[in-house]
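In UniProt numbering, the protein residues as written are 1 to 281.
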């Protein structure tokens, strides 16, 4: 049994993320926890934040959250039609990131899923500020779904790494699980910052190759540009991958990418899901 936590703000993108993950895990027995959070600062579209009577405002937000969660649950049950899947709803006051971290431990969550854009989307936020904040506290994989995309089976997974740290078997196993869902191939992409790998990188490459030995895979070197976003853009366009994955560790390629302002241009990622894996070492 897999436990999946899906955050929603009731936007179309959030529902597409929910629908996508149900299709991705169609062959798995799962419980999907649909989570909506609200706080004193939550503002419904077209409304203003009340200065007075905050308690009444919170009561209204709670009622609206529960009502919309019930509607979302009914809709996904009808759209999904999968006897292997069970849906539960969670409406809770508080900060989204903190509540997700709490629920991961409390409900033994295996995967968090959320949309990149929502009711409060900003064009200059890379995958949405909430997605990055959740990624910074990962202890399980996070699947970010961009825009309102249709589901299609994953056949090609792009795994980007700088090979500076050992990608141990526990971490690789997370990637292999997603590949196993539709017998996908894994394309390892190394963004080349030097002409040749140093000793540590070469050792890490060999370990990664050994870990992927039982699945279709290949290694691809891409020359480094000052604009790393351009590297990713070229790569995605060339390989036409269905899923883009990276391991999230401090001071690694993921952190470099998320801190580069140019990467905040969401247009290049508008049609590909992003899988963020926590380091399991």
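By construction, the Cβ of each residue, glycine as well, lies at the ideal position given by its N, Cα and C atoms. Here the structure is a predicted model, which means the values were calculated and not measured.
**Request:** Tell me whether residue 3 sits in a helix, a strand or coil according to DSSP, three-state version.
**Result:** strand
**Asked** How is residue 167 classed by DSSP in three states: helix, strand or coil?
**Response** coil
**Bridge-paired residues (DSSP) for residue 156** = 185
**Prompt:** Since residue 244 sits in a beta bridge, which residues does DSSP pair it with?
**Reply:** 158, 274
**Asked** Taking Cβ to Cβ, would you say residue 278 is nearer than 9 Å to residue 138?
**Response** yes
**Asked** Does the Cβ of residue 15 have 16 or more other Cβ atoms within 10 Å, making it buried, or fewer, making it exposed?
**Response** buried
**Item:** Three-state class that DSSP yields for residue 8 in the structure shown
**Value:** coil
**Asked** Among 110, 79, 84, which residue has its Cα nearest to the Cα of residue 276?
**Response** 110
**Item:** Burial state of residue 248 (16 or more Cβ within 10 Å)
**Value:** buried
**Prompt:** Excluding the five sequence neighbours on either side, which residues of its own chain have a C-beta within less than 6 Å of the C-beta of residue 3, listed in chain order?
**Reply:** 31, 107, 108, 109, 110
**Prompt:** Is residue 172 closer than 9 Å to residue 142 when the C-beta atoms are compared?
**Reply:** no
**Prompt:** With respect to the alpha helix (DSSP H) encompassing residue 73, which residues constitute its N-terminal and C-terminal limits?
**Reply:** 54 to 80
**Request:** Evaluate the contact criterion for the region 97 to 106 versus the region 73 to 86: three or more CB pairs, one atom per stretch, below 8 Å.
**Result:** no
**Message:** By the three-class DSSP mapping on this structure, what secondary structure does residue 218 have?
**Reply:** strand
**Asked** With a CB to CB cut of under 6 Å and the five nearest residues on each side skipped, what residues in its chain are close to residue 130?
**Response** 96
**Prompt:** Where do the N-terminal and C-terminal ends of the alpha helix (DSSP H) with residue 116 fall, by residue?
**Reply:** Per DSSP, residue 116 belongs to no alpha helix (DSSP H) and is neither H nor E.
**residue 17 (DSSP reduced to helix, strand or coil)** = helix
**Close-in-space but distant-in-sequence residues of the same chain around residue 185 (CB under 8 Å, 5 per side omitted)** = 155, 156, 157, 179, 215, 216, 217, 218
**Asked** Which two residues bound the contiguous alpha helix (DSSP H) that contains residue 98?
**Response** 96 to 106
**Item:** Residue from 150, 199, 63 with nearest C-alpha to residue 12
**Value:** 150
**Asked** Taking Cβ positions only, does residue 131 come closer than 9 Å to chain B?
**Response** Among the protein chains of the structure shown there is no chain B, as only one such chain exists.
**Asked** Which same chain residues, not among the five before or five after residue 20, have their C-beta less than 6 Å away from its C-beta?
**Response** 145, 151
**Message:** If I follow the unbroken beta strand (DSSP E) through residue 206, where does it start and stop?
**Reply:** Taken as a continuous stretch (DSSP letters only), residue 206 belongs to no beta strand (DSSP E), being part of the alpha helix (DSSP H) at 199 to 211.
**Asked** Got a sec, what are the start and stop residues for the beta strand (DSSP E) residue 91 sits in?
**Response** 85 to 93
**Item:** For residue 144, the first and last residue of its enclosing beta strand (DSSP E)
**Value:** 142 to 145
**Request:** Just grab the DSSP bridge partners of residue 22 for me.
**Result:** Note: residue 22 sits in no beta bridge, so no partner.
**Request:** Check each candidate in 56, 188, 84, 148 and name the one with the smallest Cα separation from residue 28.
**Result:** 84
**Asked** Taking Cβ to Cβ, would you say residue 211 is nearer than 9 Å to residue 176?
**Response** yes
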